[in-house]
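Let me begin by presenting the structure, written as structure tokens, before commenting on it.
Protein chains: 2
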Amino acid sequence: MESLRESGHKMKQKSKPARPKATIFDVAEHAGVSIKTVSRVVNKEPNVRQQTRDKVLESVGALRYQPNAAARELSGKRSRIIGLIYENAEEFSYLNDVFNGALGICEPAGFSLLLRPLTLPDPDIADRIRQFATNARVEGVVLPAPMGDLPGVAALLREMRIPFAAITPREADPDEINIHCNDEAASFSLTELLIEQGHRAIGFIKGHPDHGASAKRFAGYRRALKTHWIAYAPRLVRQGYFDFDSGRAATGRLLDLAEPPSAILASNDDMAAGAIFEARERGLAVPGELSIAGFDDTRFSTRIWPPLTTVRQPIIQMAQTAAALLIDKLNGRAPAAPRTTFECEVVIRDSTAPLC
Amino acid sequence: MESLRESGHKMKQKSKPARPKATIFDVAEHAGVSIKTVSRVVNKEPNVRQQTRDKVLESVGALRYQPNAAARELSGKRSRIIGLIYENAEEFSYLNDVFNGALGICEPAGFSLLLRPLTLPDPDIADRIRQFATNARVEGVVLPAPMGDLPGVAALLREMRIPFAAITPREADPDEINIHCNDEAASFSLTELLIEQGHRAIGFIKGHPDHGASAKRFAGYRRALKTHWIAYAPRLVRQGYFDFDSGRAATGRLLDLAEPPSAILASNDDMAAGAIFEARERGLAVPGELSIAGFDDTRFSTRIWPPLTTVRQPIIQMAQTAAALLIDKLNGRAPAAPRTTFECEVVIRDSTAPLC
DNA sequence: CTGAAAGCGCTTACAG
DNA sequence: CTGAAAGCGCTTACAG
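In order, the protein sequences belong to chains F and U. If you use this note's numbering, the first sequence corresponds to residues -4 to 351, in order. If you use this note's numbering, the second sequence corresponds to residues -4 to 351, in order.
See below:
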């Protein structure tokens, strides 16, 4: 017995001056228990006397013990890594919010967040995701829009048995984690705002067809028209792709109409910025001669002139919820509400005005 | 022999339907060598006969062998994780480029990139970095501006003996990896452009004092004035902080002058956007009555009206170089050029015009 | 040029 | 409620 301890002490002939870095053995010795008990306490497992638990916790603090993640993963088969697979779009403020929200939950829960940007469309997307999931050893994945809308992605993750949390308004399997906000209702409110301002010819620029949000936003627009007994005119609706250029081009076609709209609702801010740019190029005053509204409330919307009327989503909270529910699932706790809805908020600024 | 084969076949009574996941032992058996030899081949170590190497590589392919990262880290003391510590700023396009550039190098080299946003100023920055470095087990760190400019950060990393690559124009220890572009020369060129357009009263909005780039850009402005025999007027210089609001406020003070400038050079695009906004609020035509130039060529600069004259940095390449040199260092190869300079490029758009 | 042994620091069964 | 043993899949010394 004595000799064991001796040899233990002799062992510490480290060549580096760096701090020793306590292991589970050091903590066990310090607390006078077995390493298994330390493991139980550190992992918050049950069946440890409170007194023992306190003793161990004290030693953990005294030695500044931090479990070795590699050893944990090797023996426990758990990597504690969550992947964030996203479209590498130009507009990054949405992703930045998603990232910060998810990280804020992952870090305190002891999970690392690993990012994987993808450039769409990508014919090899399945291979790329498969490789990422394998190489990075992710236990679960967060899928911000539009990744959760791509049929191949969700199907692949299901096949690989990797749990995921999708942020998208598109309906999902009731057992899968789905976070979204009420795009349809927000679009309805925004359209209604324009109607209440006297606009009747309201142009609409649709979003990218691969995004679940696009259909919802368009549906809200149509419902508002219907509610207010305004006939739906297909010629006032143009396809966009959520980027500046497509918004600008769609606006051009709308303004070329014999009877152009007095207001344009773009399905996101980037396209609304394109609309404002096009209006300015044509010498049209915004909002005097043309009202323009967007969607997303990007950082952009208060930097351009005039500041944009738009819709704000609680993206940080949505990402936090996505990460939290995913971690619950990974930890074997059934998520309380796999499908969670958040409220959007219409933000009225200067790019829309009553029709004179 | 025959029996061995037999038993091999019987072995495949796996209970899971998932693919077996080959280990180094499987590869060794398949190739008829020891695990040590497999290890040598996989890690590209010398002293293996070409014939043996080929045989092992074939088995690796046949079994789709991928080394277990956790086991590797546990035994080899190397995590193959690089941290990216950045300021969580609103303007994210710079960071997005940094991230994509670094990731493009890390992934093929077998390194993971772990992001750590920080909100500045942060009194606990040292603790936070220390904890990140420990928890995430980063081997090295990439420090995009302005993280490399904060004296505490570099000092802490040195103390922890964690190699880092700083992207900043500020001078560094010649042994440390430093990536930057020629901010001073670019600012000189931009100022010269305005001078050549006939401007004499050129306002300057300085960048955040904690960023190394700020001093360089200011120096370029002063040198251009001097070169062209224009007296330096302190009243035409205002302090900004790289954000929209400070750019707008500084522009307001400049325009309130008895003899306001005919052109304003802002040290980044965000402040230039603020300048344009302020000019518009005052009913000043840009560039007709006031020329405005920025710095950075953010995605923003072509979205606002008028499109911004600015300076483009090859950020993706700079980040790639930072990551590549850092990985060289981590792998024990001395970086070829620890201090590397890139060229910036002046991009002339519509926000600047000859003085009439 | 190649390999047998030890060990990295944990967790998972399994005892008691 | 607690612990002794085995083992996760590699790499690091060390032999030959």
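No residue lacks a Cβ here, since even glycine has one placed at the ideal position from N, Cα and C. From a predicted model like this one, the values you see are computed outputs, not experimental measurements.
- The continuous alpha helix (DSSP H) containing residue 19/U extends over residues 19 to 26.
- Distance from the CA of residue 131/U to the CA of residue 37/F, rounded to the nearest whole angstrom, comes to 18 Å.
- Using a Cβ-Cβ cut-off of 7 Å, residue 300/U is close to 272, 275 of chain F, given in chain order.
- Burial state of residue 259/U is buried, judged by a 10 Å Cβ sphere holding 16 or more other Cβ atoms.
- Taking 7 Å as the upper bound on Cβ-Cβ separation, chain F lies near residues 239 of the region 216 to 244 of chain U.
- Taking a C-beta cut-off of 8 Å against chain U, the contacting residues of the region 112 to 139 of chain F are 112, 129, 130, 131, 132, listed in chain order.
- DSSP places residue 61/U outside both helix and strand once states are collapsed to three, so it counts as coil.
- Within the same chain, and ignoring the five residues on either side of residue 26/U in sequence, the residues whose Cβ sits closer than 6 Å to its Cβ are 50, 51, 54.
- For residue 88/F, the three-state secondary structure derived from DSSP is helix.
- Annotation: the continuous beta strand (DSSP E) that includes residue 198/U extends over 197 to 201.
- Considering only 114/F, 181/F, 125/F, 205/F, the residue with the shortest C-alpha distance to residue 81/F is 114/F.
- Contact check for residue 238/F and residue 265/F: beta-carbon distance about 6 Å, within the 8 Å limit, so the pair qualifies.
- The Cβ atoms of residue 317/U and residue 124/U lie no closer than 8 Å to each other.
- The beta strand (DSSP E) runs of length 3 or more contained entirely in the region 192 to 276 of chain U are, from start to end of the chain, 197 to 201, 232 to 234, 258 to 261.
- Bounds of any beta strand (DSSP E) do not take in residue 156/F, whose DSSP letter is neither H nor E.
- Take the alpha-carbon of residue 73/U and the one of residue 333/U: they are about 23 Å apart.
- Residue 173/U: member of the beta strand (DSSP E) spanning 172 to 176, first to last residue.
- In this structure, the CA atom of residue 302/U is about 21 Å from the CA atom of residue 235/U.
- Residue contact check for residue 191/U against chain F: no CB pair falls below 8 Å.
- A direct Cα-to-Cα measurement between residue 275/F and residue 300/U gives close to 8 Å.
- For residue 34/F, the enclosing alpha helix (DSSP H) has its first and last residue at 30 to 37.
- With respect to chain F, the C-beta atom of residue 294/U has a partner C-beta closer than 8 Å.
- Nearest in C-alpha terms to residue 160/U, of all of 42/U, 314/U, 64/U, 23/U, is 314/U.
- With a threshold of 8 Å between beta carbons, residue 286/U makes no contact with chain F.
- Between the alpha carbons of residue 342/F and residue 280/F lies a distance of about 21 Å.
- If you draw a 10 Å sphere on the C-beta of residue 222/F, you find fewer than 16 other C-beta atoms in it, and that means exposed.
- Cβ proximity to chain U below 8 Å picks out 91, 94, 95, 98, 107, 108, 109 from the region 91 to 109 of chain F.
- By DSSP's assignment, residue 337/F forms a beta bridge with 176/F.
- Residue 282/F sits away from residue 240/F, with the two beta carbons spaced by 8 Å or more.
- Linking residue 133/F to residue 262/F through their CA atoms gives a straight-line distance of about 33 Å.
- Excluding residues up to 5 positions away in sequence, 183, 186, 187 lie with their Cβ nearer than 6 Å to the Cβ of residue 219/F in the same chain.
- By alpha-carbon distance to residue 56/F, the top candidate from 19/F, 214/F, 191/F, 94/F is 19/F.
- In the structure shown, residue 283/F adopts coil according to DSSP, grouped into three states.
- By the neighbour-count definition (other C-beta atoms within 10 Å, threshold 16), residue 227/U is an exposed residue.
- Under the three-state reduction of DSSP output, residue 305/F falls in the strand class.
- The C-alpha of residue 22/F is placed about 55 Å away from the C-alpha of residue 298/F.
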